[in-house]
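Okay, so the sequence shown: first residue is 47 according to the working numbering, each after it adds one. The next block holds one structure in the form of structure tokens; read it before the comments.
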Amino acid sequence: MRKIPAGSILMAALAILAFGCTQKKDYKSWPQYKGSNENIHYSSLNEVDTGNVKQLQVAWTYHTRDADSVNHSQIQCNPIVIDGVMYGTTPKMKLFAIDAATGQEKWQFNPFDSLAKDKRMFFIMNNSRGVAYWGDGDDKRVFYAAGPYLYCINATTGKTVNSFGDKGKLDLHDGLGRDVADLFVTASSPPIVYGDIMIMGTRVDEGSHAAPGHIRAYNVRTGKQLWIFHTIPHPGEPGYETWEDPNAYKFIGGANVWSGFSLDEKRGIVYGCTGSASYDWYGGNRLGNNLYADCLLALDAKTGKLIWHFQDIHHDVWDKDIPSAPALVTIKKNGKDIEAVAITTKTGFIFTFDRLTGKPVYDIVEKPVPTHTDLAGEKLSKTQPYPTLPAPFMSQRFKESDINPYLPDSSKQQVLKAFRSYKTDHMFNSISLQGTVVYPGLDGGAEWGGPSYDPESGILYVNANQMAWIIQAIPLNNKEAANETNLQAGQRLFKANCMTCHGADRKGSGTFPSLINIERKYKPASFDTLLQAGRRMMPAFRQLKPVERAAIASYILNISAEQPKPFINADSHKDDVFKVPYAIVGYNKFLSKEGYPAIAPPWGTLNAINLNTGKLVWKTTLGNDPEFPHGKEDSGTENYGASVITKGGLLFIAATKDGKFRAFNKKTGKLLWEVTLPAPAYATPSVYELNGKQYIVIACGGGKMNTRSGDSYVAFALPSK
Numbered sequence: 047m048r049k050i051p052a053g054s055i056l057m058a059a060l061a062i063l064a065f066g067c068t069q070k071k072d073y074k075s076w077p078q079y080k081g082s083n084e085n086i087h088y089s090s091l092n093e094v095d096t097g098n099v100k101q102l103q104v105a106w107t108y109h110t111r112d113a114d115s116v117n118h119s120q121i122q123c124n125p126i127v128i129d130g131v132m133y134g135t136t137p138k139m140k141l142f143a144i145d146a147a148t149g150q151e152k153w154q155f156n157p158f159d160s161l162a163k164d165k166r167m168f169f170i171m172n173n174s175r176g177v178a179y180w181g182d183g184d185d186k187r188v189f190y191a192a193g194p195y196l197y198c199i200n201a202t203t204g205k206t207v208n209s210f211g212d213k214g215k216l217d218l219h220d221g222l223g224r225d226v227a228d229l230f231v232t233a234s235s236p237p238i239v240y241g242d243i244m245i246m247g248t249r250v251d252e253g254s255h256a257a258p259g260h261i262r263a264y265n266v267r268t269g270k271q272l273w274i275f276h277t278i279p280h281p282g283e284p285g286y287e288t289w290e291d292p293n294a295y296k297f298i299g300g301a302n303v304w305s306g307f308s309l310d311e312k313r314g315i316v317y318g319c320t321g322s323a324s325y326d327w328y329g330g331n332r333l334g335n336n337l338y339a340d341c342l343l344a345l346d347a348k349t350g351k352l353i354w355h356f357q358d359i360h361h362d363v364w365d366k367d368i369p370s371a372p373a374l375v376t377i378k379k380n381g382k383d384i385e386a387v388a389i390t391t392k393t394g395f396i397f398t399f400d401r402l403t404g405k406p407v408y409d410i411v412e413k414p415v416p417t418h419t420d421l422a423g424e425k426l427s428k429t430q431p432y433p434t435l436p437a438p439f440m441s442q443r444f445k446e447s448d449i450n451p452y453l454p455d456s457s458k459q460q461v462l463k464a465f466r467s468y469k470t471d472h473m474f475n476s477i478s479l480q481g482t483v484v485y486p487g488l489d490g491g492a493e494w495g496g497p498s499y500d501p502e503s504g505i506l507y508v509n510a511n512q513m514a515w516i517i518q519a520i521p522l523n524n525k526e527a528a529n530e531t532n533l534q535a536g537q538r539l540f541k542a543n544c545m546t547c548h549g550a551d552r553k554g555s556g557t558f559p560s561l562i563n564i565e566r567k568y569k570p571a572s573f574d575t576l577l578q579a580g581r582r583m584m585p586a587f588r589q590l591k592p593v594e595r596a597a598i599a600s601y602i603l604n605i606s607a608e609q610p611k612p613f614i615n616a617d618s619h620k621d622d623v624f625k626v627p628y629a630i631v632g633y634n635k636f637l638s639k640e641g642y643p644a645i646a647p648p649w650g651t652l653n654a655i656n657l658n659t660g661k662l663v664w665k666t667t668l669g670n671d672p673e674f675p676h677g678k679e680d681s682g683t684e685n686y687g688a689s690v691i692t693k694g695g696l697l698f699i700a701a702t703k704d705g706k707f708r709a710f711n712k713k714t715g716k717l718l719w720e721v722t723l724p725a726p727a728y729a730t731p732s733v734y735e736l737n738g739k740q741y742i743v744i745a746c747g748g749g750k751m752n753t754r755s756g757d758s759y760v761a762f763a764l765p766s767k
């Protein structure tokens, strides 16, 4: 479960002496992603407090001018503020600088303009959750990822710093140790900076053709790669023995830090959390516990050497990535202060560890879990880790008694019948051919926004989703039939590559769009470009051969003239190592025929947990779904983005489908203030002070959960005296 390499504790202890003691930190600005190296989303400002929060009003609004409502664009960015200037990103991945007191634009940088014309078709519109800053005198730089590139931008001029990397950018495909040029590699979270070292994670595909998620560090001045930590260990490295196939490191991908990092600057330790190994839903070709997938990692920031690790899911086949970077906290236990690290999980657990040694603050026990599976070749872990404290911040099983009581009777009976046909009795049930209820769901429990922490009280705040999903496996026919037509090949390839997101019926699910009548939007040439380039959440499929892409196009675009032609693939014998025998029929929430959740509300909650005792302090419903007309209480909604905590006694959070921005009393959970935003804000607020005035800024990008897209950053402040 946890392993500390020899000498690592001594190395880290010496680092403490080297860096010495630091003064108590001032949290009055927002100089980096989530506010600070500790990743606690905390502000020591108190001009806005529980007594005057109702007086908040809009101070300024900045419009990025590039929302894409057709493609449900989003802004997930938590902007930073340096020397009175705010830096953030737009729906179309432009970087901007504005006056943080007025919202007046200083410059915009468009990454598309930096690419050669023959490269532009491969630019991927990923989401960006933040940017990083580094400065040395007049040399001031902003770093962020757009498409497959990490850009270095002059913070004053908005121009690329051409002395960094390749004329101001690094290709994130490079330096991973194997050829991933045709695979999907980007980053949704910014790097973290330690001195002149910049540490970077990635977002990669979740299918079988996935790049490895190795962690890399670069020289912040030149872009030279300094070290790499193999999250899928190579021969001779610790953890290699947890993969039964000795060649797994050559073809398995994932195990990537996509949610960002936290940093103990005093000790020189960087902490990151990895996702699952790919393919997400079937592990027959990656048997074993699969280190360092689903792990909290503590690395020496200078060298990338492993200090300690903890794996929260063994052999993950449920897409249970640790969804956010850890929070660096202080826990009072048995009269002592323990400098600790805390993670919140999709399963509803909170794990806490001593920062230096990795020793659990509260005991963790390995409990037996179901091991039966009807997927050939699969072999599940016999146990999974459970913390003794804190208690889970949400329920972990969907029972018949939890079916939504507000559904019409006919729908309720339909849901009940479906419920009884699925596997439902344990959150670690295998994905199955009959369908498995995954609860807590694919987006948590805790999600990518992550927890907030109040260093004054020791209370951790977690916003949670309480939504059930249905995941059903289906066998794949990976062999080409004799005399196969383009239509037959297209249907087969669609199942293997596209069905997971768009569904067997091509009607889409969640944030994945329907492909019905897509031929009205795309011609064969533009569709082939889409397959090679990807778009937003859709990865590129450049690993597919031209004849394979043409076969998929004949099926999806209903090209009747091409469908009956023979499918001829001279390379059909290649890439067998990447093929898996099963796929899932889609990412499907468990809904009624009206589209209402099958599970009873609340569907979103806000929770306060005292880390010093492990006890729940308070819980409240978060949000209200305007489309659900039943029930006397607020329904809560799924929520994406995090809260911030202030010394003024407040918790600010947006994140909900209803498009509200709210302030709660952090001690009691009482709602004190709310306002309707221009679009829902699936992002984390930023809190800072300029000229004696406190500002709270939130990005209003919408787009998720079929809500309207927006293009604005809105700042709130008290009226001028």
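Virtual Cβ for every residue (Gly too), placed ideally from N, Cα, C.
Would you mind giving the Cβ-Cβ distance between residue i and residue j, rounded to the nearest angstrom? I have them listed as a contact below 8 Å.
i, j, result
"Y79", "I126", "7 Å"
"L342", "P372", "6 Å"
"D358", "T391", "6 Å"
"V415", "T429", "6 Å"
"K152", "A143", "4 Å"
"D242", "N265", "6 Å"
"N450", "P643", "6 Å"
"D757", "R332", "With a Cβ gap of about 41 Å, D757 and R332 do not count as contacting."
"P279", "G285", "4 Å"
"A727", "V99", "At roughly 17 Å, the Cβ-Cβ gap does not stay under 8 Å, so A727 and V99 are not in contact."
"V483", "F444", "5 Å"
"V303", "G259", "7 Å"
With DSSP run on the structure shown, which of helix, strand or coil describes residue i?
i, result
"P612", "strand"
"Q578", "helix"
"R10", "Nothing in the structure corresponds to residue 10, since the chain is present only between 47 and 767."
"Q154", "strand"
"Y79", "coil"
"R595", "helix"
"C544", "coil"
"Q460", "helix"
"Q101", "helix"
"G423", "coil"
Do residue i and residue j have their CB atoms nearer than 8 Å?
i, j, result
"V407", "I389", "no"
"G394", "A688", "no"
"A519", "L479", "yes"
"T683", "V733", "no"
"Q120", "N173", "yes"
"N91", "G694", "It should be pointed out that residue 91 corresponds to Leu in this sequence rather than to Asn. In this structure, G694 lies closer than 8 Å to L91 by Cβ."
"A191", "A257", "no"
"A629", "A729", "no"
"K712", "L697", "yes"
"K382", "N658", "no"
"Y317", "V363", "no"
"G404", "A347", "no"
"I562", "K569", "no"
Where does the unbroken alpha helix (DSSP H) through residue i begin, and where does it stop?
i, result
"G350", "No alpha helix (DSSP H) holds G350; DSSP gives it neither H nor E."
"R111", "Careful: R111 lies outside any alpha helix (DSSP H) and carries neither H nor E."
"C665", "Strictly speaking, residue 665 in this sequence is Lys, with Cys absent from that position. No alpha helix (DSSP H) holds K665; the beta strand (DSSP E) holding it covers K661 to T667."
"A294", "A294 to F297"
Name the DSSP bridge partner or partners of residue i?
i, result
"D310", "I315"
"G487", "G490"
"E735", "Q740"
"N265", "I243"
"W515", "V484 and K635"
"E385", "T376"
"T288", "Partner(s): none; T288 has no beta bridge."
"F142", "G134 and Q154"
Looking at the C-beta of residue i, does it have a partner C-beta in chain C at a distance below 8 Å?
i, result
"L637", "No chain C is present in this structure, which holds just one protein chain."
The beta strand (DSSP E) that contains residue i, what's its start and end?
i, result
"A191", "D185 to A192"
"R653", "Strictly speaking, residue 653 in this sequence is Asn, with Arg absent from that position. Taken as a continuous stretch (DSSP letters only), the beta strand (DSSP E) holding N653 covers G650 to N656."
"Q271", "Q271 to F275"
"D217", "K215 to D217"
"C198", "Y195 to N200"
"K750", "Where K750 is concerned, there is no enclosing beta strand (DSSP E), given that its DSSP letter is neither H nor E."
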